[in-house]
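K.L.:
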Amino acid sequence: MKLPEVLQAYKTLFGLNHLTLALGYGRKLDEPIRTVAVCAGSGSSVLNSNTVAQLADLFVTGEMSHHDRLDAVSRGISLIIAGHSNTERGFLATRLVPELQNLLTDELSSGDPGTSSVQVFMSKVDTEPGTIV
15 MKLPEVLQAY
25 KTLFGLNHLT
35 LALGYGRKLD
45 EPIRTVAVCA
55 GSGSSVLNSN
65 TVAQLADLFV
75 TGEMSHHDRL
85 DAVSRGISLI
95 IAGHSNTERG
105 FLATRLVPEL
115 QNLLTDELSS
125 GDPGTSSVQV
135 FMSKVDTEPG
145 TIV
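Residues 15 to 147, numbered by our numbering, are exactly what the sequence shown covers, in order.
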């Protein structure tokens with residue numbers, strides 16, 4: 015898969031019109047992407063400490079400092095920066111909320127046979143505190 019296709023897939027996944035791209039030194043847009051490393055939220059520490067992430071053609075994360083971006087790009091790693099909250103929201107909705115709901119329901123029903131379920135809600139007003147225009 016080439017970088018423009020990967021970018022479009024992430025735009026669709028995150029529901030965004032724009033992403034920040036930092037092309038790794040010596041990389042070209044039309045090159046195939048063979049290895050992708052992903053870290054939701056702030057990914058600098060993962061990229062700097064994880065050997066697998068350091069071998070990736072592309073690293074996708076929510077945010078990185080200017081100097082960490084420069085370091086990654088100088089090592090030939092391209093970056094997609096999608097916004098801290100944007101990269102976490104999918105996990106919260108698809109994994110954390112259902113698992114927490116099941117755990118709480120199981121805990122409550124084991125103590126009280128009359129309790130059958132618990133509802134866990136995820137805020138719909140939480141947004142990325144900034145907009146790329």
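Beta carbons are placed, not taken as given, at the ideal position from N, Cα and C, and that holds for glycine.
All of these numbers come straight from a predicted model, not from anything done at the bench.
In the DSSP assignment, find the alpha helix (DSSP H) that holds Gly-104 and state where it starts and stops.
P.N.:
98–105
K.L.:
Under the DSSP definition of a beta bridge, which residues are partnered with Ile-94?
P.N.:
Leu-35 and Val-74
K.L.:
Does the distance from the C-beta atom of Leu-35 to that of Leu-118 stay below 9 Å?
P.N.:
At a Cβ-Cβ threshold of 9 Å, Leu-35 and Leu-118 do not count as neighbours.
K.L.:
Going by the CB atoms, is the gap between Ala-107 and Val-74 shorter than 9 Å?
P.N.:
no
K.L.:
Expressed to the nearest angstrom, what Euclidean distance is found between the alpha-carbon atoms of Ser-79 and Thr-65?
P.N.:
20 Å
K.L.:
Who are the near neighbours of Gly-40 in its chain, counting only those whose CB is closer than 8 Å to its CB and skipping five residues on each side?
P.N.:
Gly-90
K.L.:
Does the separation of the CB atoms of Glu-142 and Ser-99 fall below 9 Å?
P.N.:
yes
K.L.:
For Ala-70 and His-32, what's the separation of their Cα atoms in angstroms?
P.N.:
22 Å
K.L.:
Looking at the structure shown, is Pro-46 part of a helix, part of a strand, or coil, going by DSSP?
P.N.:
DSSP places Pro-46 in strand when its eight states are reduced to three.
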